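Structure first, then comments.
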Amino acid sequence: MPARSVYLETFGCQMNELDSELVAGQLRALGYRFVGEPDAADVILYNTCSVREHAEQKVWSRLGLDRLRKEREPHVVVGVLGCMAERDGEDLIRRMPVVDILCGPGELDKLPALLDNAVRTRDSLQADADAEGAKSARQVALQGSTSRRSGTLAAAQDTLEMLDLSRAVSPAGGEGGHRGSAYVRITRGCNKFCTYCVVPFTRGAEVHRPPDHIVDECRKLADAGVIEVTLLGQTVNHYRFEHGAAVTVNGIVQPQKGRAYAGGHRADPYRGTGVTTFADLLARIHDEVPAIRRLRFVTSYPRDFGDDVLQVIRDHPRICRYLHVPAQSGSNAQLKAMNRGYTVEEYLEFLDRARAFLHQPEIGRPLAVAGDIIVGFPGESDADFLATARLLERARYKNCFIFKYSPRPGTVAYDKLPDDVPEAVKRRRNNELLALQQRISAEVGAEYVGMELDVFVEGLSRREVKRAARAPHARGNGHAHAGVALTIGGRPLGAPETLHGTPSACAMPPLSEDEAPRPDAAPRGVQVSARTDGDLIVHVDLPADRAARAESLVGRVARCRITESRQLSLVGELLD
Ligand code: SAH
Ligand code: SF4
Ligand code: F3S
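With the first letter of the sequence shown counted as 1, position 212 gets the number 382 in the numbering used here; the numbers rise by one all the way through.
Structure representation (structure tokens):
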């Protein structure tokens, strides 16, 4: 088979980013080559998200472009992976026949076979350029995925676990990730069934990976140079593995279905009795893989946080004091309609408890909390909305994602609750909360000024990447600057520029006046972008005589003093 070039674009959450990394690893091992532009690829893959309609629209517009290209170049293979493939199923192909491959997030281990099938069939059909035949090529690729979707969950999970276990670990960091930083999945799926949410349908039932697999994966990553691990799960703190109930197939312990258990809100009474709780898992990774300097986890569910977890975080210095724990609303009526399973009072009690355990700014260990809110959920009155604004004031998030409710077919809310908040009201409430959160974020940021703390250096700041790209000596993919070539495997060391810390593409808008390179090429410093263990972005200026150190700092933890707080980031200076 000639080398195939693949363009893979990822939408959605960190879970999807990890999936894309695993898919890319699999395909690379089979000889596929990855390219950065769809036009340069003969295989175009989208790893998609269905959580809001807007996320799906982005993919529809990409597919529209692919359709035009395919009219000119019929050999191109287009695949839709992930949650949107799972949710829209064959309707997606009916609406957009340009799609050759459909592969849900629970089927990704099948992707190489599907792709091989599609590529081969297309190759043979291209020879006789038979339009009818081209249609059947699409169906061949699709057949595998649809039969897999109706397969049993248990069988699906076995092979998916193998996909995680066979992860190709590279010291340069993951797909689109940062050097020294990696995601590790600990649970798949979700059992919560919040009434607005598609995830339990697209990702399936909650299963927990065996703790030995997780610890081994962390160790492998650490051996390859990773020093920051982010554990992933939709309700990550709900992790729990009962060893007595473990099932082994072909010598491999299988992931275990999540089940309801008593305990939850306070300490877990089962601790130390043949069960690995989330607290145990954190402590194990911390103690058994000391090379991991930063252990983080997302996303937490407010109800399952026992004191045991908070205690473990406090007692283990390399566990980050960062909680992303969405409230969704500040109104009990809305929380009930959302089926969130907690009250505002319980949520706030948890935050107070977490701060009492973990907020220690005096030793450079503040607790940073991030949230998610949905505005305009069915039935949201002005009073409900005001209650949410009050919750934001009380919660004092370092940042908060605010989403306008998007009805998703197949969910309880879509079927039972009319989408009765007008779009204009949703928009207004969204903007009001954004403005409120902006003020709170600025206040939280200001509390960091003067603090000395550890930061994880991710790469050049976005400003620096823009500068370097425009500099007269910038060449090819590389970004030569102040005598330092700051690239990894041809990828510039740009850092994401969101307060959330989620890696995002580094767009390069035109330089503003003050950023434009000056005609005199006197050596000057560089600015790197780093993150506190609470996920706040810190920009650090390295003076000209220390600029050469930038390369060696990337992917490392450094001590820093915060000197200033700006709109979207903090400013700091290195202490060593
Ligand atoms: N498992 C995580 C969140 C996963 S989805 C948790 O429960 O915390 C990420 C966020 O998208 C959610 O927290 C919610 O705020 C938002 N979201 C999910 N479904 C949505 C919908 N239908 N409309 C608007 N926002 C939604
Ligand atoms: Fe969706 Fe709720 Fe599960 Fe989060 S906990 S993934 S919001 S169903
Ligand atoms: Fe989106 Fe699926 Fe993640 S719907 S948020 S990609 S789990």
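Beta carbons: idealized from backbone N, C-alpha and C, even for Gly.
Note that the structure is a prediction, hence the values are computed from the model and not measured.
Checking the 7 Å criterion, the Cβ of Pro370 is within range of a heavy atom belonging to the ligand SF4. CA-to-CA, the gap between Ala583 and Ala394 works out to about 45 Å. Distance from the C-beta of Phe363 to the nearest heavy atom of the ligand SF4 is below 7 Å. Under the three-state reduction of DSSP, Arg535 is assigned to strand. Per DSSP, Arg510 lies in no alpha helix (DSSP H) segment and is marked neither H nor E. Relative to the ligand F3S, the beta carbon of Arg373 is positioned inside 7 Å of a heavy atom. Residue nearest to Thr365 within the set Ala415, Gly414, Arg355, Gly511 is Gly511 (criterion: CA-CA distance). Here Val250 carries a strand assignment [DSSP, helix/strand/coil]. Assigned with DSSP and collapsed to three states, Lys506 falls in helix. In chain order, Val354, Ile356, Phe467 place their CB closer than 6 Å to the CB of Leu401, counting only its own chain and leaving out the 5 sequence neighbours on each side.
Relative to the ligand F3S, Asn287 has its C-beta separated by 7 Å or more from all heavy atoms.
Collapsing the DSSP output to three states places Tyr584 in a helix. At a threshold of 7 Å, Tyr471 counts as near the ligand SF4, since its beta carbon sits closer than that to one of the ligand's heavy atoms.
DSSP, read as helix, strand or coil, puts Ile455 in helix.
Between Pro460 and Phe411, the gap from beta carbon to beta carbon reaches 8 Å or more. Taking 8 Å as the cut-off, the beta carbon of Arg463 is found closer than this to the beta carbon of Arg488. Closest by C-alpha distance to Leu712, out of Leu738, Gly421, Gly704, Leu630, is Leu630. With a contact defined as Cβ atoms closer than 8 Å, Val229 and Ala288 miss out at about 18 Å. Ser739 is positioned such that its CB atom lies closer than 8 Å to that of Val708.
Beta-bridge annotation (DSSP): Ala352 is paired with Val399.
Around the Cβ of Lys586, a 10 Å sphere holds fewer than 16 other Cβ atoms; the residue is exposed. No heavy atom of the ligand F3S is found nearer than 7 Å to the CB of Gly421. In the DSSP assignment, His383 falls within the unbroken alpha helix (DSSP H) covering 381 to 393. A check of alpha carbon separations from Gly403 across His413, Ala416, Arg379 identifies Arg379 as the nearest. In its own chain, leaving out the 5 sequence neighbours on each side, no residue places its CB closer than 6 Å to the CB of Gln608.
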